[in-house]
Amino acid sequence: MPIRPLVSYSIERVEVLSPEGVVDDSLMPGLAPEQISRLYEYMVLTRQFDDRMFKLQRQGRLGTFARVAGQEGAHVGAAFALRPDDWLVPAFRETGALILRGLPLVQLLQYWGGDERGAAFPQELRTLPVAIPVGTHMLHAVGIAWAMKQAGEQAAVLTSFGEGATSEGDFSEAMNMAAVFKVPVVFFCQNNQYAISVPYTKQTASPTVAQKALAYGMFGVQVDGNDVFAVYRVAMEALERARTGHEPTLIEALTYRVMDHTTSDDAQRYRSEEEVEPWRQRDPIERLGRYMRTKGLLDDVGAADVLARADQKVADAVAAFEAIVPPGPEEIFNHVFAEMTPQLVEQQAELMARLARRR
Amino acid sequence: MARLNIVEAIDQALSQEMQLDSKVIILGEDVGRDGGVFRVTDGLVQRFGEERVIDTPLAESGIVGMAIGMAIAGYRPVAEIQFAGFAYPAYDQLVSHASRMRNRSRGEFTVPLVVRTPYGGGIRALEHHSESMEAVFAHVPGLKVVIPADPYEAKGLLAAAVRDPDPVIFMEPARIYRAIKMEVPEETYTLPLGKARVVREGKDVTAVAWGAHVRTLRDAAQRLEAEGEADVEIIDVRTLSPFDFETVVASVKKTGRAVIVHEAPRSCGFGAEISAQIMERAVLQLRSPVIRVAGFDTVPPLAKLEDYYQPDADSVVEAIKSTLKF
Ligand SMILES: Cc1ncc(C[n+]2csc(CCOP(=O)(O)OP(=O)(O)O)c2C)c(N)n1
Ligand SMILES: [Mg+2]
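Listed below in structure tokens is the structure:
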């Protein structure tokens, strides 16, 4: 009766673009120069938009929101691998992915400015609104993927979330169901190593997020989240496996939250500047820029031009945002059900009458 | 006596209860090093160590489910749910186990657990951060529901909740966390769970609320007094479960009128229960219908429309005047 190993697994980590901007040609995904430029432009736009949102928040013109600066390599890289007929089911720290999906910047400002109309993402973008309850939305991705498989669509669903979300029960249920039903879904975890103040090591005893896939009978892989080529490559492969073979995948994009958790947070309470600083040096946009310069795809003039065009788009969006007429109070009642209940009809009339009396 | 706000009063109560009883422990998301996102547990991990102030993984069902086990095993866990809107994953553990373990085991196993959670709107927050779910908890047999209205109340009620032998949902009105500062005794004290408080005596109408809206009632009462319109008796319910109907009913028998204020949706809100108790026990003394001033049967709106949703002193004044004119 020997004791023998029954199964053994290993987890791979994928890196393509070094911090110095040098690629491993054997791993470089097939991207045309203009695609690389577009990737860069989207990442810069995301950064400039995030920065402007922060300033607007500090001026009291936006509410609380989660910054994405430093994580563009992860979520922009993954979203770049999506096709228009794929779906994106996001959490709340994927501004760049939402922009890539075609969501107008002004709508994002509207949403984070406390106006529900900003969350009316046009259906044809196949992108669900932001999900604030952590770790709950991945199940929806599994359901959408199941329906796509039934319909025989050659498309997939990408759902994104943080490493903190992997501690919620719904994460396990989503992973299990995806693998049991063999649905075309890609679980994309931006492991930024913090869930508010809780560091990765207190979140899970698992050395990687990626290996959590193995217990469910799913493929899992870790990728350098600040390496946009590696993320794009891994996401492409996973989406293709999903579209053609209905094989789900868990991708862990290992990155770092260089910003505060949200605009309501003060990260200095729980981590040191010495810990953050090395990660600033691994900035995904600068890394891509270095590569592009060595390949002659970018120079100082070109970089300044990309920045200027991004700033112009942001400025236009802010101007459009400021021109929006605030929602009317009747809006509160209009979307609870397809048809308003008698209670809602009465309450809406009551409110409008009360406001008329006070006027 | 120091002047404290609600955040500081609860922090102090937690610290003192932990000092008095080594079985009192705290667990939740960001409660340690960060001191909680509202800073309610500020300084506690420094004072009592990571064994007693535990930063958990991000899992509400896990936090409450594990706390139930800790409580069964002799601890007095005080679990924090970061916002009431994130208590739903833990609802199963609360309803299926925390509330019933005593009954299921005929008293052999008990769950002296406190779940603290900020609740309510008025803080310009994201979706799910403004919910008022007190009725959802009060409807569960075996759960106590406690809501303080000011710093003095917060300290005494929390101490009572920690010492209580049964599970208590302690809901903290986020809107007034720092809005009210008042003298709070340094020494420990408890306030009874299950006893409402007459905040202001009056003869014309009984106004009932809890949490942040006790303040709304005070504003309304002051205005009505200044205008010479009405002398309002204000009752702070304090604990929705157990609900002290005697105090409310005695007041209504005196005034003959009742207005109930809450920001949770009107339908099936706790105001309905209070109204039913009044009807069952004081219908003959009523001089006008009981009126609820409540949130709408909608999702709490985001910042731009939030103010329309919240009951305010204006709507309370209107409601009270309408009962007087009836
Ligand atoms: C169910 C639930 N619990 C708590 C919160 C409060 N909260 C918002 S974000 C967050 C941390 C999320 O960490 P992670 O999943 O790693 O994502 P990140 O913020 O790092 O992108 C917490 C605790 C929430 N939104 N939802
Ligand atoms: Mg994280």
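Top line first, the protein sequences correspond to chains A and B. Take the first sequence: its position 50, counted from the start at 1, is 50 in my numbering, and no numbers get skipped. Take the second sequence: its position 221, counted from the start at 1, is 580 in my numbering, and no numbers get skipped. Heads up, the beta-carbon is just placed ideally off N, CA and C, and yes, glycines get one too.
Rounded distance between the beta-carbons of residue j and residue i, thought under 8 Å
i: L186 of chain A; j: L239 of chain A; result: Looking at the sequence provided, one finds Val at residue 186 of chain A rather than Leu. Right, their Cβ atoms sit about 6 Å apart.
i: D656 of chain B; j: Q48 of chain A; result: The pair is not a contact, with the Cβ atoms about 42 Å apart (cut-off 8 Å).
i: G114 of chain A; j: K663 of chain B; result: 5 Å
i: D86 of chain A; j: A141 of chain A; result: With a Cβ gap of about 11 Å, D86 of chain A and A141 of chain A do not count as contacting.
i: K554 of chain B; j: I528 of chain B; result: The Cβ separation is near 17 Å, so there is no contact.
i: L354 of chain B; j: Q375 of chain B; result: There is simply no residue 354 of chain B to check, as chain B begins at 360 and stops at 685 in what is shown.
Below-8 Å beta-carbon distance, residue i vs any chain A residue
i: Y478 of chain B; result: no
i: S491 of chain B; result: no
i: F629 of chain B; result: no
i: S420 of chain B; result: yes
i: S381 of chain B; result: no
i: T400 of chain B; result: no
i: E686 of chain B; result: Residue 686 of chain B lies beyond the stretch modelled for chain B, which goes from 360 to 685, so this question has no answer here.
i: A662 of chain B; result: yes
For residue j and residue i, the rounded distance between their alpha carbons
i: V649 of chain B; j: K612 of chain B; result: 12 Å
i: T46 of chain A; j: R93 of chain A; result: 11 Å
i: E378 of chain A; j: I285 of chain A; result: With chain A covering 1 to 359 only, the question about residue 378 of chain A has no answer from this structure.
i: R406 of chain B; j: L139 of chain A; result: 41 Å
i: A356 of chain A; j: Q348 of chain A; result: 12 Å
i: F161 of chain A; j: H75 of chain A; result: 10 Å
i: A570 of chain B; j: I619 of chain B; result: In the sequence on display, residue 570 of chain B carries Gly and not Ala. Each residue's Cα considered, the two are about 13 Å apart.
i: S167 of chain A; j: R398 of chain B; result: 23 Å
i: P5 of chain A; j: V198 of chain A; result: 35 Å
i: E388 of chain B; j: G615 of chain B; result: 47 Å
i: R233 of chain A; j: G424 of chain B; result: 40 Å
i: R52 of chain A; j: V314 of chain A; result: 8 Å
i: D283 of chain A; j: G289 of chain A; result: 10 Å
i: S681 of chain B; j: V564 of chain B; result: 11 Å
i: A566 of chain B; j: A242 of chain A; result: 60 Å
i: Q222 of chain A; j: P90 of chain A; result: 19 Å
i: Q203 of chain A; j: E677 of chain B; result: 51 Å
i: E584 of chain B; j: D673 of chain B; result: 14 Å
i: R67 of chain A; j: Y536 of chain B; result: 26 Å
Minimum Cβ-Cβ distance from residue i to chain B less than 8 Å
i: F359 of chain A; result: The residue you asked about is not Phe; residue 359 of chain A is Arg in the sequence shown. No, R359 of chain A lies away from the interface with chain B (no Cβ there is under 8 Å from its Cβ).
i: A323 of chain A; result: no
i: T95 of chain A; result: no
i: F187 of chain A; result: no
i: E173 of chain A; result: no
i: P104 of chain A; result: no
i: V318 of chain A; result: no
i: V134 of chain A; result: yes
i: E273 of chain A; result: no
i: A165 of chain A; result: yes
i: F161 of chain A; result: no
i: S26 of chain A; result: no
i: L336 of chain A; result: In the sequence as presented, Leu is not what sits at residue 336 of chain A; that position holds Val. Yes, contact with chain B.
i: F333 of chain A; result: yes
heavy atom of ligand 2 below 7 Å from residue i C-beta
i: Y256 of chain A; result: no
i: A156 of chain A; result: no
i: Y511 of chain B; result: no
i: N226 of chain A; result: no
i: A520 of chain B; result: no
Residue i CB to nearest heavy atom of ligand 1 below 7 Å
i: I413 of chain B; result: no
i: E367 of chain B; result: no
i: G164 of chain A; result: yes
i: R537 of chain B; result: no
i: Y194 of chain A; result: yes
i: G135 of chain A; result: yes
i: L417 of chain B; result: yes
i: H75 of chain A; result: no
i: R616 of chain B; result: no
i: P448 of chain B; result: yes
i: E330 of chain A; result: no
i: E388 of chain B; result: yes
i: I132 of chain A; result: yes
i: F602 of chain B; result: no
Q) Is the number of C-beta pairs between the segment 172-186 of chain A and the segment 102-112 of chain A that are closer than 8 Å three or more? A) no
(Q) Within 8 Å, do at least three Cβ pairs link the segment 529-548 of chain B to the segment 586-596 of chain B? (A) no
**Q.** Cβ contact (3+ pairs, closer than 8 Å) linking the segment 289-308 of chain A and the segment 31-41 of chain A
**A.** yes
Q: Decide if the segment 480-494 of chain B is in contact with the segment 444-458 of chain B; the criterion is three or more beta carbon pairs, one per stretch, under 8 Å apart.
A: yes
Q. With contact counted as at least three CB pairs below 8 Å, one residue from each stretch, are the segment 213-232 of chain A and the segment 252-266 of chain A in contact?
A. yes
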